[in-house]
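Novice:
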Amino acid sequence: MSDRLPVVLVVDDEGSSRRLITALLKSEPYTVLTACSAQDALDQMESCHPDLVLTDGMMPGISGFELAARIKGDHRYGTIPVVIVTALDDRSVRLRTLEAGVDDYLYKPIDRAELLVRVSNLLRLKEYSDHIQKSNERLEEAVHQRTIQLQESYRQTIETLIRAAQKKDEETGAHLKRIAYYCKELAIRLGMSADYTDLIFRASPMHDVGKIGIPDRILLKPGPLDRDEWFIMRTHTTLGANIIGEKNLSLELAMGYDIALGHHERWDGCGYPLGRKGEEIPLCARIMALADVYDALRSRRPYKEPFDHDLSVEIILKGDGRVCPDQFDPQLLAIFPLVVPAFAEYFATLTDTLEQ
1 MSDRLPVVLV VDDEGSSRRL ITALLKSEPY TVLTACSAQD ALDQMESCHP DLVLTDGMMP
61 GISGFELAAR IKGDHRYGTI PVVIVTALDD RSVRLRTLEA GVDDYLYKPI DRAELLVRVS
121 NLLRLKEYSD HIQKSNERLE EAVHQRTIQL QESYRQTIET LIRAAQKKDE ETGAHLKRIA
181 YYCKELAIRL GMSADYTDLI FRASPMHDVG KIGIPDRILL KPGPLDRDEW FIMRTHTTLG
241 ANIIGEKNLS LELAMGYDIA LGHHERWDGC GYPLGRKGEE IPLCARIMAL ADVYDALRSR
301 RPYKEPFDHD LSVEIILKGD GRVCPDQFDP QLLAIFPLVV PAFAEYFATL TDTLEQ
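With full-length UniProt numbering applied, the sequence shown has no gaps in its numbers, which climb one by one up to 356 at the end.
(1) How should W267 be labelled, buried or exposed, when 16 other C-beta atoms within 10 angstroms of its C-beta is the threshold for buried?
(2) Measure from the alpha carbon of C324 to the alpha carbon of each residue in F347, D308, E345, C270, then state which is nearest.
(3) Tell me whether the beta-carbon of I287 lies closer than 8 Å to the beta-carbon of A187.
(4) Note down the Cα distance separating P81 from L123, rounded to an integer number of angstroms.
(5) With C-beta atoms as the reference, is D13 less than 8 Å away from M59?
(6) May I ask you to report which of helix, strand or coil DSSP gives Y181?
(7) Going by beta-carbon coordinates alone, are P50 and L33 separated by less than 8 Å?
(8) Going by beta-carbon coordinates alone, are A87 and L67 separated by less than 8 Å?
(9) Does the separation of the CB atoms of T238 and P273 fall below 8 Å?
(10) Would you report the Cα separation of K108 and D43, rounded to the nearest angstrom?
(11) Is T97 helix, strand or coil by DSSP?
(12) Give me, in chain order, the residues of the same chain whose beta-carbon lies closer than 8 Å to that of T22; leave out the 5 immediate sequence neighbours on both sides.
(13) Given a cut-off of 8 Å on the beta-carbon distance, is the pair residue 388 and T351 in contact?
(14) Answer yes if the region 151-161 comes into contact with the region 299-307, meaning at least three C-beta pairs across the two stretches below 8 Å, and no otherwise.
(15) Taking just the CA atoms, how far does A194 sit from I200?
(16) Could you pull the DSSP bridge partners for A35 from this structure?
(17) The alpha helix (DSSP H) spanning V102 covers which residue range?
(18) From R276, W230, A348, V209, pick the residue whose C-alpha is nearest to that of N242; which is it?
(19) With the cut-off set at 8 Å, would you say A289 and F336 are in Cβ contact?
(20) Taking the straight line between their C-alpha atoms, what separation do you get for Q39 and L54?
(21) Quick check: the Cα distance between D308 and Y182, rounded to an integer number of angstroms?
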């Protein structure tokens with residue numbers, strides 16, 4: 001399977017024993033290296049990459065048994081076969097050998113034929129083991145790459161649906177861009193990690209993907225919705241979550257799922273679709289809820305004219321009958337005044353002419 005000669009590391013504090021084992025192995029197509037102590041062997045391991053270690057059991061300092069245990073306990077070397085060579089033939093030695101995870105043992109004086117057969121068998125097993133491990137690694141990498149491709153394809157499909165839903169609703173893509181920046185700004189002010197802030201920036205535009213399934217007569221109605229229409233409109237949260245899916249998701253899609261499902265939940269428990277309350281609502285959805293209300297107040301809708309920045313901020317902080325401060329996470333509401341200058345700038349710079 002490989003053109004490289006197998007490397008056998010012989011470890012023994014007695015020079016005569018090292019020379020004898022080396023001589024016995026010289027007739028075979030192996031590269032034989034030697035170490036005069038267990039520490040010497042450990043120092044050589046990283047550079048010589050042995051395929052098998054033959055070590056004396058009883059050595060001063062670190063014994064061969066401890067050397068074997070260290071090799072087997074190191075994730076870099078755990079698959080390397082270790083053979084204990086010992087002059088002791090009793091039950092306690094055999095138990096120590098098993099406890100150390102040793103693959104085989106030989107008794108002194110060493111029989112040449114037995115040595116060569118056992119070394120050959122163990123090296124063959126090591127070769128097959130390495131081949132299987134490399135095949136598994138290649139398979140895992142192929143699966144990983146395929147998973148990334150599938151997730152990217154799925155993400156692009158979701159983005160297409162987002163754009164379609166947004167086209168139905170507001171005739172603009174600027175809302176999606178603003179929402180992403182609002183959410184990231186709030187997450188930064190909360191002290192969230194860079195990974196989290198980047199993630200919510202990418203996931204937040206998925207919030208209204210479910211609107212693709214809402215009839216235009218309801219979505220674009222120039223006036224208040226009746227009870228039945230309002231019931232249908234509210235289903236865009238569960239429709240969006242179902243479109244994104246809940247299982248086997250990337251972090252981005254998983255957060256998109258939470259946002260799509262939960263961005264109309266309220267801190268006071270009066271939201272929908274599940275009526276969750278307080279910290280039962282995922283943080284990303286609580287962030288989205290505040291960002292979405294601000295942008296809705298600032299934007300033109302079929303049923304309302306846009307409000308200016310100052311009035312929108314006042315409505316969020318004090319309420320107006322439809323919007324109530326109690327619906328927002330108090331921690332987010334507390335930092336909201338700190339981000340309103342950035343929100344105003346985002347709205348001013350990321351606004352399509354149709355929204356003016």
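Glycine included, each C-beta is placed from N, C-alpha and C at the ideal position.
Given the structure is predicted, the values throughout are model-derived calculations rather than measurements.
Specialist: Reading from the atomic positions:
(1) Buried: at least 16 other Cβ atoms inside 10 Å.
(2) Looking only at F347, D308, E345, C270, the smallest Cα-Cα distance to C324 is reached by C270.
(3) Result yes, Cβ atoms of I287 and A187 sit closer than 8 Å.
(4) Distance between the alpha carbons of P81 and L123: 8 Å.
(5) Their beta carbons are under 8 Å apart, which means D13 touches M59 by this criterion.
(6) In this structure, Y181 counts as helix in the three-state DSSP scheme.
(7) It is a contact, given that the beta carbons lie within the stated cut-off.
(8) Their beta carbons are not under 8 Å apart, which means A87 does not touch L67 by this criterion.
(9) Yes, they are a contact pair.
(10) Going from the Cα of K108 to the Cα of D43 covers about 26 Å.
(11) DSSP, read as helix, strand or coil, puts T97 in helix.
(12) So the qualifying residues of the chain are V10, V32, T34.
(13) Since the first and last residues shown for the chain are 1 and 356, residue 388 lies out of range.
(14) Not touching, per the Cβ criterion.
(15) Approximately 10 Å between the Cα atoms of the pair.
(16) For A35, which the question treats as bridged, DSSP gives the partners V11.
(17) Per DSSP, V102 lies in no alpha helix (DSSP H) and is assigned neither H nor E.
(18) Measuring C-alpha to C-alpha distances from N242 to each of R276, W230, A348, V209 identifies V209 as the nearest.
(19) Not a contact, by the Cβ cut-off of 8 Å.
(20) Whole-angstrom Cα-Cα distance: 14 Å.
(21) So the alpha carbons of these two residues sit roughly 17 Å apart.
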